[in-house]
Each structure stands twice: as C-alpha cells, then as structure tokens.
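First up is the structure itself, then whatever we jot down about it.
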Amino acid sequence: MNTTKYYLLSLLLMASSLNANTVPSYDCVSEPCPDYSEGQGVSMTQQEAQEVLPYAQMAYNAFRYKPSDCVVEGYHLSTKEEVPVDLQQYYDAKAQRLEDAHTGMIARIYIKDDDSGQRVVAFAGSELRFWQLRNIQRFTYNLMSNTAQALGYEPQVYTQAAKWAQSIQGNASEGPEVILTGSSLGGGLAQYAGLMMELRAVCFNAAGMSSVLKKFIETQSIGEVLRARAYSLVVHVNVEGDWISSYAPGEQLGVRYVVPCYSEKIWGFGFGSENRHDASIVVKSLEAFSASE
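Numbering (the working numbering), first residue to last: 111 to 403.
Written out as structure tokens, the structure is:
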C-alpha cells in the first residue's frame with residue numbers, strides 16, 4: 111500500500127496540463143461531479159459513441175492473436191523497434207503484442223498514422239474462454255488477479271500495467287500522447303495505470319477499484335481532489351445490463367456512460383462471447399448505437 115500511497119500523492123502534486131483530444135471528459139471545476147450512486151452511468155450520445163468506438167475496437171483486439179484481425183482504421187500496430195527498449199523482451203513478433211507469461215499480462219500498442227504519433231495501449235482483460243487449452247494458464251492468472259483486487263490487494267499485474275504505461279509514456283513533455291484502454295480486467299488496468307501515471311484512459315465494462323483502495327482515497331483530505339482529477343482522465347463505458355459493471359465489488363472512478371446492448375437476446379453474463387460483458391458485444395453495441403437514427 112505504501113507504493114500506492116506514494117503514487118496517489120505524487121499524482122495530486124503534479125500540475126501538468128492535458129492535451130486536447132476526442133476522448134470525452136468531464137470538468138468538475140465549472141460544474142458538480144455527477145453522482146453514480148445508482149445505475150451504471152449516464153446515457154451516451156451518438157457522437158460520444160463514435161468517439162470511443164476505436165478504443166473499444168482496440169480493447170477487443172487486445173484479446174485476439176492474429177495481427178490481421180486487429181486492424182483499426184487510422185492506426186498501426188507497433189513494431190518491436192517502436193516499443194521501449196525495456197519492454198522489448200515481452201514483444202511477440204508473430205502476434206505483434208506484448209506478453210508476459212509469468213503474470214498473464216497482454217497488451218497491444220497502437221500508433222496513430224499522423225504526425226502526432228499518439229500511442230494507445232490496449233490491455234487484454236479476463237480470459238473467459240478457458241476451455242481452450244492455450245487459455246487455461248491465463249484464465250488462472252486472471253482469476254487470481256480479479257479475486258485479489260476485489261479483496262483489496264494490489265495484484266502484480268496492476269503495478270505492471272502502471273510500469274508499462276510509464277515506460278511507453280517516456281518523457282511526457284516531449285513524447286507523443288499516450289492513451290490507455292481495455293475491457294473487463296483490461297479496463298481496470300487502464301483505469302489504475304491512468305490514475306497512477308496521469309494518462310487518459312477509456313475503459314469498457316471495467317472491473318472497479320477495490321474497496322480498500324476506495325476507502326484510502328475517501329479518508330484522505332485529498333480524496334475529492336483525486337476524484338475530480340479522475341473525471342478529467344478516465345472514461346468508463348458500460349453495456350446496459352452487464353453484470354460485472356453493475357454488481358461486482360469496487361468502484362469505477364471517472365466519467366461513466368452506459369450504452370444500450372445491440373440485442374435484447376444477449377445475456378448479462380456468461381462464458382464465451384455471447385454475453386454483455388464480452389468486448390465483442392461492446393463493439394457491436396457501440397457500432398449499432400452510433401449508426402442508429
């Protein structure tokens with residue numbers, strides 16, 4: 111907890127400004143912070159759905175193995191040479207992603223195809239297709255991390271996410287902007303690393319922060335400052351009816367939106383891809399809503 115406390119205090123002492131981009135944000139200085147004590151969040155507009163859709167695609171692609179299945183318009187997957195030197199040991203050239211077999215951490219780095227060189231780090235979330243042999247070990251790691259986080263501990267994968275984000279961020283005053291994203295556990299990692307490193311994060315059906323960390327934040331005199339800071343950094347998008355973002359322990363810090371599920375036939379939770387928690391359902395729901403009349 112000492113490490114967490116150090117990062118939280120350091121975060122509040124930083125006085126850097128945020129780069130403008132198309133990620134929705136909320137200004138709690140000019141108006142009160144919204145109250146999410148009930149429900150998953152506020153309804154999205156079609157424009158907001160269109161703005162977060164590329165990040166949802168990246169969050170979904172973080173789960174996928176073949177680079178050819180992970181194309182997002184306007185971005186390309188990082189090569190090994192475009193990855194920070196200290197992270198190149200984790201680079202899987204065949205999948206074009208970072209993977210640590212010892213912790214179960216998987217992330218893809220997308221680089222924007224313009225002069226900005228913006229980086230988007232997509233953290234892979236919980237692996238629910240555990241019946242596939244190659245996923246058994248990672249499913250076990252995910253289960254352990256989710257359980258530990260819910261009980262108030264700080265799993266290694268969370269601190270690793272913050273370290274990877276810090277490495278990719280490099281010298282923030284000179285380097286390109288870095289945005290974090292992810293779905294499920296990946297969204298929880300993006301939220302955590304975003305707050306620790308003061309980076310924007312777009313999270314989908316994310317695991318909330320543990321009650322222990324929430325209690326620490328709220329018992330400090332700086333708690334409301336951090337909460338207001340979260341509204342300017344972190345955006346959560348939850349599919350309506352997703353059981354994890356609705357009922358799982360922990361809190362999503364930041365702006366919270368809810369988007370209608372594209373089909374009433376999809377269950378709130380389950381194993382496999384046909385449930386509202388799955389990243390593919392997030393993408394389909396955002397696509398359907400942004401195109402609706």
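Where is the CB? At the ideal position from N, CA and C, for every residue including glycine.
Note that the coordinates shown come from a computational prediction; the quantities given were computed from them, not determined experimentally.
DSSP three-state call for residue i: helix, strand or coil?
| i | result |
| --- | --- |
| M307 | helix |
| R366 | strand |
| E209 | strand |
| D179 | helix |
| A159 | helix |
| D196 | helix |
| E361 | strand |
| S226 | coil |
| Y201 | strand |
| S277 | helix |
| A217 | strand |
| Y185 | strand |
| M154 | coil |
| N385 | strand |
| F399 | helix |
| A232 | strand |
| V393 | helix |
So which of the options has the shortest CA-CA distance to residue i?
| i | options | result |
| --- | --- | --- |
| R218 | I376, K190, S355 | K190 |
| H387 | F399, E403, S356 | S356 |
| E192 | Q279, G360, S395 | Q279 |
| K375 | V195, E384, V368 | E384 |
| V369 | L363, G351, W377 | G351 |
| Q266 | T213, I221, Y341 | T213 |
| T291 | S395, Q276, F314 | F314 |
| G298 | C371, A211, I354 | I354 |
| V152 | V365, A401, A398, A166 | V365 |
| Q362 | T269, P177, S293, D210 | S293 |
| Q270 | R229, V312, D210 | D210 |
| P194 | K176, R339, D225, R229 | R229 |
Excluding five sequence neighbours on each side, which residues of the same chain lie with their C-beta closer than 7 Å to the C-beta of residue i?
| i | result |
| --- | --- |
| D223 | G184, Y185, H186 |
| M307 | A272, A275, Q276, Q279 |
| G227 | I221, P286 |
| S400 | Q156, A159, Q160, L163 |
| A398 | Y372 |
| D225 | none |
The beta strand (DSSP E) spanning residue i covers which residue range?
| i | result |
| --- | --- |
| S293 | 288 to 293 |
Keeping to the same chain, check which residues put their C-beta closer than 6 Å to that of residue i; ignore five residues upstream and five downstream.
| i | result |
| --- | --- |
| C180 | N171, R174 |
| W377 | N385 |
| A300 | F233, L290, T291, G292, A311, C313 |
| P177 | L187, Q206 |
| M154 | Y367, V369 |
| S395 | V349, V369, C371, Y372 |
Which first and last residues belong to the alpha helix (DSSP H) in which residue i is found?
| i | result |
| --- | --- |
| E350 | Here E350 belongs to no alpha helix (DSSP H), and DSSP marks it neither H nor E. |
Excluding five sequence neighbours on each side, which residues of the same chain lie with their C-beta closer than 8 Å to the C-beta of residue i?
| i | result |
| --- | --- |
| W274 | L197, L208, M215, A217, V231, A303 |
| V393 | L163, A166, Q167, Y170 |
| V69 | Beyond the ends of the chain as shown, which are 111 and 403, falls residue 69; an answer cannot be given. |
| S402 | Q156 |
| A340 | L305, L363, G364 |
| Q199 | none |
Hey, does residue i have any beta-carbon neighbour from chain B nearer than 8 Å?
| i | result |
| --- | --- |
| S373 | Judged by its chain identifiers, the structure shown contains no chain B, having just a single protein chain. |
For the segment 272 to 289 and the segment 334 to 352, state whether three or more C-beta atom pairs, one from each stretch, are separated by less than 8 Å. no
Under 8 Å, with one C-beta from each stretch per pair, do the segment 194 to 206 and the segment 158 to 168 reach the 3-pair mark? no
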